[in-house]
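S.K.:
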Amino acid sequence: MTIAKAVGANLDRDLYFGERATEKTVKGFDFEPYRVISFATHGLIPGDLNGLYEPVLALTNPIVSGEKEDGLLTMTKVLGLKLNADLAILSACNTAAAEGKGSEAVSGLGRAFLYAGAGSIIASHWPVSSSATTTMMGHFFDKLSADTTLSRATALQQARLYLIDDKNFEFNGAPHYAYAHPIFWAPFTLIGDGGTIQPGA
439 MTIAKAVGAN
449 LDRDLYFGER
459 ATEKTVKGFD
469 FEPYRVISFA
479 THGLIPGDLN
489 GLYEPVLALT
499 NPIVSGEKED
509 GLLTMTKVLG
519 LKLNADLAIL
529 SACNTAAAEG
539 KGSEAVSGLG
549 RAFLYAGAGS
559 IIASHWPVSS
569 SATTTMMGHF
579 FDKLSADTTL
589 SRATALQQAR
599 LYLIDDKNFE
609 FNGAPHYAYA
619 HPIFWAPFTL
629 IGDGGTIQPG
639 A
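Mapping the sequence shown onto my numbering, position 1 (from 1) lands on 439, and the numbers just tick up by one.
Shown next, in the form of structure tokens:
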């Protein structure tokens with residue numbers, strides 16, 4: 439919701455939660471008008487589930503949605519999408535994680551979004567904190583919406599610094615920096631075009 443408001447999205451048309459966030463919806467969606475797309479869900483890598491041999495984004499379970507698809511947006515399925523986005527955010531665990539010793543630095547899932555047409559992606563190298571990620575991404579888009587000349591790379595840098603400096607709570611009357619540790623702000627990386635986002639949806 440925070441990201442949607444920052445980019446001026448139509449909250450009725452552009453947001454898909456719960457039963458609406460299905461594999462069928464994603465595969466049939468017209469991404470052409472959208473310059474920014476964001477998936478805030480669980481990311482799985484090979485071995486996380488029995489028989490899982492590709493990295494995936496977990497969408498709504500078919501038990502909930504009533505659809506025939508398994509609800510797992512695999513690397514192969516992502517390659518079938520037609521994107522026109524300047525930026526795709528994979529706000530989930532391990533979406534940039536390497537797949538074993540000697541593998542490339544960006545997972546097949548991240549590369550699949552680039553091959554499908556995204557100009558850049560923001561993806562994670564390890565499991566992430568939901569609250570810290572929400573705070574950082576909200577600040578990232580607040581910066582971009584406030585200054586259209588700001589690059590994606592600079593906005594991400596400023597969002598990381600915001601987490602490091604943010605006084606999230608006090609303990610015994612002294613401020614503590616809950617998100618200052620790199621485990622909260624370091625997992626996300628920008629891959630691809632780090633420039634400005636073009637006007638559009």
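For glycine and all other residues, C-beta sits at the position ideal for the given N, C-alpha and C.
For Asn-532, count neighbouring Cβ atoms within 10 angstroms of its own Cβ and tell me buried if that reaches 16, exposed if not.
M.R.: Looking up residue 532 in the sequence shown gives position 94. Result: buried.
S.K.: Need the endpoints of the beta strand (DSSP E) that Val-445 sits in, please.
M.R.: Here the question's residue 445 lines up with position 7 in the sequence shown. No beta strand (DSSP E) holds Val-445; DSSP gives it neither H nor E.
S.K.: Looking at C-alpha atoms only, which residue of Ala-530, Gly-555, Gly-481 and Lys-443 is the closest neighbour of Val-494?
M.R.: As a working mapping, residue 494 is identified with position 56 in the sequence shown. Checked all of Ala-530, Gly-555, Gly-481 and Lys-443; the closest Cα to Val-494 is Gly-481.
S.K.: Going along the chain, which residues of its own chain have a beta-carbon closer than 7 Å to the beta-carbon of Ala-442, five neighbours each way excluded?
M.R.: The residue you call residue 442 lines up with position 4 of the sequence shown. Within the same chain, and ignoring the five residues on either side of Ala-442 in sequence, the residues whose Cβ sits closer than 7 Å to its Cβ are Leu-449, Asp-452 and Leu-453.
S.K.: Please give me, in chain order, every unbroken run of the alpha helix (DSSP H) with length at least 4 that falls completely inside the segment 469-519.
M.R.: Listed in chain order, they are 500-503 and 513-517.
S.K.: I'd like to know whether the C-beta atoms of Gly-555 and Ala-523 end up nearer to each other than 8 Å.
M.R.: As a working note, residue 555 is residue 117 in the sequence shown. As a working note, residue 523 is residue 85 in the sequence shown. Yes; because the gap between Cβ atoms is below 8 Å, this pair is in contact.
S.K.: For Thr-463, I'd like the list of residues in its chain whose CB is within less than 7 Å of its CB, leaving aside the five on either flank, ordered along the chain.
M.R.: Sequence index remark: in the sequence shown, residue 463 carries index 25 (1-based). So the list reads Tyr-454, once near-sequence residues are dropped.
S.K.: Who are the Cβ neighbours of Ser-509 in its own chain at under 8 Å, not counting the five residues just before and after it?
M.R.: As a first step, residue 509 is located in the sequence shown; it is residue number 71 there, counting from the start. A small fix is needed here, since residue 509 is Gly in this sequence, not Ser. So the qualifying residues of the chain are Thr-460, Glu-461, Ala-496, Leu-497, Thr-498, Asn-499, Pro-500 and Ser-503.
S.K.: Between which two residues does the beta strand (DSSP E) containing Ala-561 stretch?
M.R.: Walking along the sequence shown from the start, residue 561 turns up at place 123. Note, Ala-561: beta strand (DSSP E), 558-562.
S.K.: What are the boundary residues of the alpha helix (DSSP H) that includes Ala-597?
M.R.: Position 159 of the sequence shown, counting from 1, holds the residue named residue 597. For Ala-597, the enclosing alpha helix (DSSP H) has its first and last residue at 590-603.
S.K.: What is the C-beta distance between Gly-446 and Ser-558, in whole angstroms, given that I count them as a contact (C-beta under 8 Å)?
M.R.: What you label residue 446 is simply residue 8 of the sequence shown in a count that begins at 1. What you label residue 558 is simply residue 120 of the sequence shown in a count that begins at 1. The pair is not a contact, with the Cβ atoms about 20 Å apart (cut-off 8 Å).
S.K.: What residue range is occupied by the uninterrupted alpha helix (DSSP H) comprising Ile-621?
M.R.: What you label residue 621 is simply residue 183 of the sequence shown in a count that begins at 1. 620-623 is the span of the alpha helix (DSSP H), which, as asked, contains Ile-621.
S.K.: Work out the CA separation of Ala-597 and Lys-581 for me, nearest whole Å.
M.R.: Numbered from its first residue, the sequence shown carries residue 581 at position 143. Numbered from its first residue, the sequence shown carries residue 597 at position 159. When rounded, the distance between both Cα atoms is 8 Å.
S.K.: Near Lys-520, which residues of its chain fall below 8 Å by C-beta distance, leaving aside the five closest residues on each side in sequence?
M.R.: Locating residue 520 in the sequence shown gives position 82, where the first residue counts as 1. The answer, listed in chain order, is Phe-469, Glu-470, Ala-554 and Gly-555.
S.K.: Report the CB separation of Leu-599 from Phe-622 in whole angstroms; it is logged as a contact under 8 Å.
M.R.: In the sequence shown, counting from the first residue as 1, residue 599 sits at position 161. In the sequence shown, counting from the first residue as 1, residue 622 sits at position 184. In this structure, Leu-599 and Phe-622 do not form a Cβ contact; the two beta carbons are roughly 12 Å apart against a cut-off of 8 Å.
S.K.: Would the beta-carbon of His-563 fall within 8 Å of that of Thr-627?
M.R.: Taking the first residue of the sequence shown as 1, we reach residue 563 at position 125. Taking the first residue of the sequence shown as 1, we reach residue 627 at position 189. In contact: His-563 and Thr-627 (Cβ atoms closer than 8 Å).
S.K.: In the DSSP assignment, find the beta strand (DSSP E) that holds Gly-630 and state where it starts and stops.
M.R.: As a working note, residue 630 is residue 192 in the sequence shown. Start and end: 626-630.
S.K.: Please name the residue, chosen from Val-566, Gly-489 and Ala-478, that lies closest to His-619 on a Cα-to-Cα basis.
M.R.: Here residue 619 refers to the residue found at position 181 when the sequence shown is read from its first residue. For the residues Val-566, Gly-489 and Ala-478, the minimum Cα distance to His-619 belongs to Val-566.
S.K.: Over what stretch of residues does the alpha helix (DSSP H) that includes Ser-583 continue unbroken?
M.R.: Mapped onto the sequence shown, residue 583 falls at position 145. 568-584 is the extent of the alpha helix (DSSP H) around Ser-583.
S.K.: Give the single residue among Ile-635, Ala-444, Phe-477 and Tyr-615 whose Cα lies nearest to the Cα of Thr-592.
M.R.: Looking up residue 592 in the sequence shown gives position 154. Nearest option by C-alpha distance: Ile-635.
S.K.: Does the beta-carbon of Leu-487 have 16 or more other beta-carbons within 10 angstroms, so that it is buried, or is it exposed?
M.R.: Counting from one through the sequence shown, the residue named residue 487 turns up at place 49. A residue is called buried once 16 or more other Cβ atoms fall within 10 Å of its Cβ, and Leu-487, having fewer, is exposed.
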